[in-house]
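Written below as structure tokens is the structure these notes are about.
2 protein chains.
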Amino acid sequence: MFTALDHIGIATQSLDESLALYTGVFGQEIELRETLESQGVEVVLLRCGEESIELLAPTRADSPVGKFLAERGPGLHHVAYRVDDVQAALNSARAAGIELVDLVPRIGAGGHRVAFLHPRSTGRALIELVEKPG
Amino acid sequence: MFTALDHIGIATQSLDESLALYTGVFGQEIELRETLESQGVEVVLLRCGEESIELLAPTRADSPVGKFLAERGPGLHHVAYRVDDVQAALNSARAAGIELVDLVPRIGAGGHRVAFLHPRSTGRALIELVEKPG
Chain A
45 MFTALDHIGI ATQSLDESLA LYTGVFGQEI ELRETLESQG VEVVLLRCGE
95 ESIELLAPTR ADSPVGKFLA ERGPGLHHVA YRVDDVQAAL NSARAAGIEL
145 VDLVPRIGAG GHRVAFLHPR STGRALIELV EKPG
Chain B
45 MFTALDHIGI ATQSLDESLA LYTGVFGQEI ELRETLESQG VEVVLLRCGE
95 ESIELLAPTR ADSPVGKFLA ERGPGLHHVA YRVDDVQAAL NSARAAGIEL
145 VDLVPRIGAG GHRVAFLHPR STGRALIELV EKPG
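Heads up: the sequence lines are chains A and B, in that order. Under my numbering, the first residue of the first sequence carries the number 45, and numbering increases by one thereafter. Under my numbering, the first residue of the second sequence carries the number 45, and numbering increases by one thereafter.
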């Protein structure tokens, strides 16, 4: 069901500092930078082979990423798998007893349909599903 | 320099519970299971396309993964990049001002030469380098 990685999400207080590291030292290239106001986050996607590193900075303290930073500090935030159909994957996960954050997909970075599984059901690793058919 | 993902490391207290999720629900296949006594960790690598999910369970509480679990709890532990030459990558990282955990490579899962960068230098995301030339 989840057998293709899409990206690794990394929470940061400062996109500028993180970009100095990821583009300047690690040599990764920016493929997308956008603000998702509804989710209170600014996102930078960095190309890493067929996958991406996703840097996440909060645009307000009470956003999910803002709360994550306040509780856990910066660092690894989530792992995302690529699926053909997010709603079908959510239905299968739910049928298997996985608790969901999103019962239906929302629009994430790059305009893709995405959804999160609840870390209570996944050994505390936050898991995102990203719809990229084919 | 770091533009190819190799695996995502996930810390767990119970490999059995995690495997029930990753093989039973997520449909990932075990490619390797081994104990690295010197590092106090039992490792399961799960195939995920060209990359892997690496489940890590401590064999003793005072091991690095045991301490991580005591301090942070289970969940995402590290992200690993594939490089041609770990020693060369360590030298370049150090020259760029990155603090290293390992000044020279050690032998990790699957017999590969690996090394870790210090999370103090990498926005608190623990980064591993894995030597897989080509």
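We put the CB at the ideal spot given by N, CA and C, even for glycine. Computed from a predicted structure; not experimentally measured.
Chain-ordered neighbours of residue i on chain A, where CB pairs are closer than 8 Å
| i | result |
| --- | --- |
| L187/B | No answer is possible for residue 187/B: it lies beyond the span of chain B, which begins at 45 and ends at 178. |
| E95/B | L49 and E95 |
| I52/B | L49, I52 and V123 |
Neighbour flag for residue i against chain A, beta carbons, 8 Å
| i | result |
| --- | --- |
| R77/B | no |
| L251/B | In the structure displayed, chain B extends from 45 to 178; residue 251/B sits before or after that span and is not available. |
| G154/B | no |
| E81/B | no |
Cβ-based neighbour list, residue i, same chain, cut-off 7 Å, excluding 5 preceding and 5 following
| i | result |
| --- | --- |
| E95/A | L49, D50 and H51 |
| M45/B | A133 and S136 |
DSSP-derived helix/strand/coil call for residue i
| i | result |
| --- | --- |
| R43/A | Since the first and last residues shown for chain A are 45 and 178, residue 43/A lies out of range. |
| P102/A | strand |
| R168/B | coil |
| T79/B | strand |
| S96/B | strand |
| E73/B | strand |
| S55/A | In the sequence as presented, Ser is not what sits at residue 55/A; that position holds Ala. Reduced to three states, the DSSP call for A55/A is strand. |
| A63/B | Strictly speaking, residue 63/B in this sequence is Leu, with Ala absent from that position. The answer is helix: DSSP assigns L63/B an H, G or I state. |
| F112/B | helix |
| A48/A | coil |
| G119/A | strand |
| V145/A | coil |
Interface residues of chain A facing residue i [CB-CB closer than 9 Å]
| i | result |
| --- | --- |
| P102/B | Those do not exist, as P102/B stays about 14 Å from chain A at its closest Cβ, beyond 9 Å. |
Rounded straight-line distance, which links the Cα of residue j to that of residue i
| i | j | result |
| --- | --- | --- |
| G53/B | G93/A | 18 Å |
| D106/A | L100/A | 14 Å |
| R88/A | L59/A | Arg is not the amino acid found at residue 88/A; the sequence shown has Val there. For V88/A and L59/A, the distance between alpha carbons rounds to 8 Å. |
| Q83/B | Q57/A | 32 Å |
| V174/A | L161/A | 12 Å |
| A159/A | A153/A | 12 Å |
| E193/A | L65/A | Since the first residue shown for chain A is 45 and the last is 178, residue 193/A is missing from the structure and cannot be characterised. |
| D129/A | R138/A | 14 Å |
| G155/B | R104/A | 45 Å |
| A114/A | R116/B | 14 Å |
| L147/A | G110/B | 34 Å |
| G68/A | P102/A | 22 Å |
| Y125/A | L144/A | 15 Å |
| E86/A | E86/B | 37 Å |
| P76/B | T79/A | The question names Pro, but residue 76/B is Leu in the sequence shown. One C-alpha to the other measures close to 40 Å. |
Listed by chain order, chain A residues near residue i by CB distance under 7 Å
| i | result |
| --- | --- |
| A140/B | V69 |
| R168/B | G117, P118 and G119 |
| L65/B | T166 and G167 |
Residue i: contacting residues in chain B (beta-carbon distance under 8 Å)
| i | result |
| --- | --- |
| F160/A | Per Cβ cutoff of 8 Å: no residues; F160/A is ~14 Å from chain B at best. |
Min CB distance residue i to chain B below 8 Å
| i | result |
| --- | --- |
| V199/A | Chain A is shown only over 45 to 178; residue 199/A falls outside these bounds and no answer can be derived. |
| P163/A | yes |
| S107/A | no |
Within chain B, partners of residue i - CB distance below 9 Å
| i | result |
| --- | --- |
| Q72/A | M45, F46 and T47 |
Close Cβ partners of residue i (< 8 Å) along its chain, the five nearest in sequence each way excluded
| i | result |
| --- | --- |
| A169/B | H122, V123 and P163 |
| I97/A | H51, I52, I54, Y66, Q72, L89 and L90 |
| G178/A | D128 |
| L63/B | I74, V88 and L99 |
| T166/A | I142 |
Residues near residue i in its chain [Cβ-Cβ closer than 6 Å; skip 5 each side]
| i | result |
| --- | --- |
| K176/B | R126 |
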